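Engineer: Heads up: the protein sequence lines correspond to chains A and B, in order.
When the letters of the first sequence are read in order and numbered with the working numbering, they come out as residues 11 to 311.
When the letters of the second sequence are read in order and numbered with the working numbering, they come out as residues -13 to 462.
Positions of the beta carbon are idealized from the N, C-alpha and C atoms, including for glycine.
No experiment lies behind these values; they were computed from the predicted model shown.
This structure is in structure tokens; I'll ask about it shortly.
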Amino acid sequence: MADEKRIDPATGTQIKHHEWDGIQELDTPLPRWWLWTFYATILFAIGYTIAYPAWPMIDRATGGMLGWSSRGALDKELAARERQIAPIRKAIADTPITALPGHPELMQQAIEGGRAAFRVHCVQCHGSGAAGSKGYPNLNDDDWLWGGDLATIEKTITDGIRNPNHDATRQSLMPAFGKDQLLTAAQVDDVVAHVRTISGQDRPSAASRRGDKVFADNCAVCHGPAGKGNRELGAPNLTDAIWLYGGDAGTIHETVWNSRHGVMPRWDDKLDKATIRMLATYVHSLGGGEASPPAAVATGR
Amino acid sequence: MLMSGSASLYEKRKGVYPKAVDGFYRRLKWAIMAVTLAIYWGTPWLRWDRGPYAPDQAVLVDLAHRRFYMFAIEIWPQEFYYVAGLLIMAGIGLFLVTSAVGRAWCGYACPQTVWTDLYQHVERFIDGDRNAQLKLAKAPWSAAKIARRFVKWSIWLGIAFITGGAWIFYFADAPTLQQQFWTGTAAPVAYATTFVLTATTFVLGGFMREQVCIYMCPWPRIQTAMLDEKSLVVTYKNWRGEKRGSLKKAEAHPAEYGDCIDCNQCVAVCPTGIDIREGPQIGCITCALCIDACDKVMAQVGRPRGLIDYCTQDDAEAEQKGAPPRPVLKTLLRPRTIAYFAVWVGIGAAMLFALGARERLEISAQQDRNPIFVRLSDGAIRNAYTVKLRNMEARPRAMEVGLIDLPGGRMWTDTGSRETATTTVRTTVPADSVAKLRVFLMLPPGGPARTDFHFTLRALDREGGHVSEPARFERP
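Structure, rendered in structure tokens:
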């Protein structure tokens, strides 16, 4: 059977042996160019697996003679990008933050750089829109615990708040008035009523009037006699509409009883000066940023 | 069963060596060639003063800055429907021309026809007329033939180069680009475009010629569908011409023979190499050169002109029954052509009106979505918007953003602060550009979760202008 060659008279091509209902198939050979291309791809593939990482070994693949890796390629791209923006970063690092608004283009670049850095380092607590959540401040609003001008924001990011074992960090330690028995349970209730009143949420009552005295004796030293807060000490304004943990009676009671010691890490050991400066300009640009005090602008501090 | 031995689907090109001819239609073609080539090569060099903030090139497709300039008209990308309108007008214009005078576009104005015509003229200038060309084509490659080919192809390449090279001047300032082009400082895309268009012009005009019309171009097929029995087509009046025969035979038997003396001049001059006496066919681009050739022969043999002539199918039938030829102009006015013309004029008028009435300023506002709103320390609610102001005039304009349907709303931009908040924001938008403002908008506490309002934009200069953009304010 195999030695019986049948040739199609019209094309001169050999006919395959099988036949379906009278339909036969030509055994047309592959075109030469196709075959050579096929061989060429095999040769190419062999060369490729020698030059590039390819063959799986026990714990890793062969490295390839060119030493190429996707991670290495990414590193190269990142390094190139880093070189490209290095002059901008240097200019930002060399310009005091209070002087940045005087260079609108640099300021804009700083804000955009800060936007990118914020996505990496800050969104975990403050949220992707910087709107915060319970215990984590909303950075869009106009209420600042420590101050909302550029230099103050930069200082807060640099040294953090209540960062352990860091002398320069911002510290404010409200006592746990209830837990540590500095006030009686009744006194705590009274001062909660007072805070509810000065923030305009409740009408004055007998309890709040009693709390007035408790507040003056225990709280006013940090929060101020009127409860307006003190940025030097990071003491929040208790009369406004913004509450870090919540303004309902239960939450205020918990705050007074146990105190709150939220922590923001220092960033100067993780980020360079330019990145921190860019982050500060971005946070400042979100809508609540305050003007720098005139003295700071004049001295470039 | 095996398929075997079917006819080849490939037809080898038969060389076409059209003979030179003179006459009314040939002169008309010269004139149209001169006008169309002048438009193509001249347009980028026309200047048009638009003041200091816009380019002074009359027709410019400024891809880099996303602007399209055409004399007094400037089009921004979002107004591209005007260009679409122009294309629709061009399309309907072609319908109009086709239903009135058949494939006049193919015969006279199509770039393929114009450049092929030009190339054939060069060919005749170098190689001689039809017979000399035929002889040269058959001749073996000798030094003389190589020299002739070299000269001819060089001239063709030269024409192709200035054709391809002219195209790029529509996309950049022509004098600057020309200078950059020769000093090697133009963009790579300019060189690439020139190279590609030079190559296509050389190949299409020099070698492919009528093959393009017959095999590549979809337009003849579309046109066949638009021609009707009232469209002018080049017609061989066979009832008058047949039976064809040589002059000698015709004079011997005048009763037996028609007017066609079978001199083959109509075939010799045809740029697509067809025989019009076989009737209407896809290869006929209605260039009417056969009419010129035939008229000349008819004059020589003392017979009336128009054995081959522009004629509608209806008129052909009438003439066959003995009616006198109808004047060409009379065939042009009929309901279909008038309807096409009316539509064409209507679109043109609507576009002109729209262009004249369009506002040259625009505002768009996009609300911040993260966070949607921010509570401020006094309880007020703030929303933020990215507001874009488009100034489409070629001069800086002072503008004022305002609010309607939002009582109590006060706003400020990122350069201001809450203390400076007012009901309007003023800014100057640079010439021919978009200004991006970050606008903070604040309402007192309380109120519905959603308030619909409008941002307005008013130009503060003498010309004025006023547009608005819907937006919404959201509260907790």
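Looking at chain B, is there any beta carbon in it that lies within less than 9 Å of the beta carbon of A:Asp212?
Structural biologist: Taking the first sequence and counting its residues from 1, one reaches residue 212 of chain A at position 202. Answer no: the Cβ-Cβ gap between A:Asp212 and chain B never drops below 9 Å.
Engineer: Could you pull out every unbroken alpha helix (DSSP H) segment of at least 4 residues lying fully inside the segment 117 to 161 of chain A, listed in chain order?
Structural biologist: List check, alpha helix (DSSP H) in window: 133 to 136.
Engineer: Determine which residues share a DSSP beta bridge with A:Asn240 and list them.
Structural biologist: Position 230 of the first sequence, counting from 1, holds the residue named residue 240 of chain A. BP columns for A:Asn240 point to A:Ala245.
Engineer: Would DSSP call B:Ala185 helix, strand or coil?
Structural biologist: Position 199 of the second sequence, counted from the first residue, corresponds to residue 185 of chain B. Residue state, collapsed to three classes: helix.
Engineer: If you follow the beta strand (DSSP E) that A:Ala196 is in, where does it begin and where does it stop?
Structural biologist: Translated into the one-based positions of the first sequence, residue 196 of chain A becomes position 186. Premise fails: A:Ala196 lies in the alpha helix (DSSP H), Ala195 to Ile208, not in any beta strand (DSSP E).
Engineer: Provide the residue span of the alpha helix (DSSP H) that contains B:Met337, from first to last.
Structural biologist: Locating residue 337 of chain B in the second sequence gives position 351, counting from the first residue. Here the alpha helix (DSSP H) through B:Met337 covers Pro321 to Ala343.
Engineer: Please report how far the alpha carbon of B:Ala160 lies from the alpha carbon of B:Leu190, in whole angstroms.
Structural biologist: Counted from its first residue, the second sequence places residue 160 of chain B at position 174. Counted from its first residue, the second sequence places residue 190 of chain B at position 204. The alpha-carbon atoms of B:Ala160 and B:Leu190 are separated by roughly 26 Å.
Engineer: Could you tell me how far apart the beta carbons of A:Ala140 and A:Phe128 are, in whole angstroms, since I believe they sit closer than 8 Å?
Structural biologist: Residue numbering aside, residue 140 of chain A sits at position 130 when the first sequence is read from its first letter. Residue numbering aside, residue 128 of chain A sits at position 118 when the first sequence is read from its first letter. Confirmed, Cβ separation roughly 7 Å.
Engineer: Output yes if chain A places a C-beta closer than 9 Å to the C-beta of B:Pro63; else output no.
Structural biologist: Taking the first residue of the second sequence as position 1, residue 63 of chain B is located at position 77. No, its Cβ sits nowhere closer than 9 Å to a Cβ of chain A.
Engineer: In three-state DSSP terms, what is B:Asp261?
Structural biologist: In the second sequence, the residue the question calls residue 261 of chain B occupies position 275. Correct three-state label for B:Asp261: coil.
Engineer: Taking the alpha helix (DSSP H) that B:Thr401 falls in, what are its first and last residues?
Structural biologist: Numbered from its first residue, the second sequence carries residue 401 of chain B at position 415. Neither: B:Thr401 is in no alpha helix (DSSP H) and is coded neither H nor E.
Engineer: How many Å lie between A:Arg270 and B:Val360 at the Cα?
Structural biologist: The residue given as residue 270 of chain A occupies position 260 in the first sequence. The residue given as residue 360 of chain B occupies position 374 in the second sequence. The straight-line gap from Cα to Cα measures roughly 24 Å.
Engineer: Would you call the segment 286 to 304 of chain A and the segment 102 to 117 of chain A in contact, with 3 or more CB pairs under 8 Å?
Structural biologist: Cβ pair count under 8 Å is three or more, so yes.
Engineer: Return the residues of the segment 276 to 305 of chain A that lie within a Cβ-Cβ distance of less than 9 Å from chain B, sorted by chain order.
Structural biologist: Of all residues in the segment 276 to 305 of chain A, Ser295, Leu296, Gly297, Gly298, Gly299, Glu300 and Ala301 have a Cβ within less than 9 Å of some Cβ in chain B.
Engineer: Mind checking whether B:Glu455 and B:Ala435 have CB atoms under 9 Å apart?
Structural biologist: Taking the second sequence and counting its residues from 1, the one referred to as residue 455 of chain B is at position 469. Taking the second sequence and counting its residues from 1, the one referred to as residue 435 of chain B is at position 449. Against a cut-off of 9 Å, the Cβ pair of B:Ala435 and B:Glu455 comes out as no contact.
Engineer: Could you have a look at A:Lys223 and say whether DSSP puts it in helix, strand or coil?
Structural biologist: Taking the first residue of the first sequence as position 1, residue 223 of chain A is located at position 213. Residue state, collapsed to three classes: helix.
Engineer: Starting from B:Ser350, trace the alpha helix (DSSP H) both ways and give me its first and last residue.
Structural biologist: Locating residue 350 of chain B in the second sequence gives position 364, where the first residue counts as 1. No alpha helix (DSSP H) contains B:Ser350, which is instead part of the beta strand (DSSP E) from Leu347 to Gln353.
Engineer: I'd like the ranges of any alpha helix (DSSP H) spanning at least 4 consecutive residues and lying wholly in the segment -6 to 65 of chain B.
Structural biologist: For the segment -6 to 65 of chain B, whole alpha helix (DSSP H) runs of length 4 or above, ordered along the chain, are 10 to 28.
Engineer: Am I right that A:Arg180 and A:Trp156 are in contact with their C-beta atoms under 8 Å? What's the rounded C-beta distance?
Structural biologist: On the first sequence, residue 180 of chain A is found 170 positions in, with the first residue counted as 1. On the first sequence, residue 156 of chain A is found 146 positions in, with the first residue counted as 1. Contact holds; Cβ gap of about 6 Å.
Engineer: What does a CB cutoff of less than 8 Å around B:Met(-11) pick up in its chain, not counting 5 residues either side in sequence?
Structural biologist: On the second sequence, position 3 is the one that residue -11 of chain B refers to. Confidence is the limiting factor: at B:Met(-11) the pLDDT is only 44, short of 50, which leaves the residue's position unreliable, though a coordinate-based value still follows. Once the five neighbours on either side are set aside, B:Met(-11) has no close Cβ partner at all.
Engineer: Am I right that B:Pro313 and B:Glu305 are in contact with their C-beta atoms under 8 Å? What's the rounded C-beta distance?
Structural biologist: Looking up residue 313 of chain B in the second sequence gives position 327. Looking up residue 305 of chain B in the second sequence gives position 319. Rounded, the Cβ-Cβ distance is 13 Å, inconsistent with contact.
Engineer: Assuming contact is defined by CB atoms lying nearer than 9 Å, are B:Val255 and B:Asp278 in contact in what I supplied?
Structural biologist: Taking the first residue of the second sequence as position 1, residue 255 of chain B is located at position 269. Taking the first residue of the second sequence as position 1, residue 278 of chain B is located at position 292. Their beta carbons are under 9 Å apart, which means B:Val255 touches B:Asp278 by this criterion.
Engineer: Under three-state DSSP, which class holds A:His28?
Structural biologist: Taking the first sequence and counting its residues from 1, one reaches residue 28 of chain A at position 18. Reduced to three states, the DSSP call for A:His28 is strand.
Engineer: Count the other C-beta atoms from every protein chain shown that fall within 10 angstroms of the C-beta of B:Trp330, then say buried if there are 16 or more, exposed otherwise.
Structural biologist: Along the second sequence, read from residue 1 onward, the residue named residue 330 of chain B stands at position 344. Counting Cβ neighbours within 10 Å, B:Trp330 comes out buried, since at least 16 surround it.
Engineer: Where does B:Phe426 fall in DSSP's three states?
Structural biologist: Walking along the second sequence from the start, residue 426 of chain B turns up at place 440. If DSSP states are grouped into helix, strand and coil, B:Phe426 belongs with the strands.
Engineer: Answer yes or no: does any C-beta atom of chain A fall closer than 9 Å to that of B:Ser419?
Structural biologist: One-based indexing of the second sequence puts residue 419 of chain B at position 433. Output row for B:Ser419: interface = no.
Engineer: Alpha carbon to alpha carbon, how far is B:Ala173 from A:Asp47? Give it in angstroms, no decimals.
Structural biologist: To locate residue 47 of chain A, count along the first sequence from 1; it is residue 37. To locate residue 173 of chain B, count along the second sequence from 1; it is residue 187. Here the sequence assigns Thr to residue 47 of chain A, which means Asp is not the residue at that position. Those two C-alpha atoms are separated by around 36 Å.
Engineer: I need the boundaries of the beta strand (DSSP E) containing B:Val387, first residue and last residue.
Structural biologist: Taking the first residue of the second sequence as 1, we reach residue 387 of chain B at position 401. Note, B:Val387: beta strand (DSSP E), Arg383 to Ile390.
Engineer: Bridge partners of B:Cys297, per DSSP?
Structural biologist: Position 311 of the second sequence, counting from 1, holds the residue named residue 297 of chain B. DSSP lists B:Val219 as partners of B:Cys297.
Engineer: Provide the residue span of the alpha helix (DSSP H) that contains B:Glu109, from first to last.
Structural biologist: Here residue 109 of chain B is taken as the residue at index 123 of the second sequence, counted from 1. Looking at the DSSP string, the run of the alpha helix (DSSP H) that includes B:Glu109 is Pro97 to Asp113.
Engineer: Please name the residues in the segment 354 to 378 of chain B whose beta-carbon is closer than 7 Å to at least one beta-carbon of chain A, in chain order.
Structural biologist: Listed by position, the residues of the segment 354 to 378 of chain B near chain A (Cβ gap below 7 Å) are Asn356, Pro357, Val360, Arg361, Leu362, Ser363, Asp364, Gly365, Arg368 and Ala370.
Engineer: Does B:Asn117 come out as helix, strand or coil in the three-state DSSP assignment?
Structural biologist: Here residue 117 of chain B corresponds to residue number 131 of the second sequence, with the count starting at 1. Helix, per DSSP.
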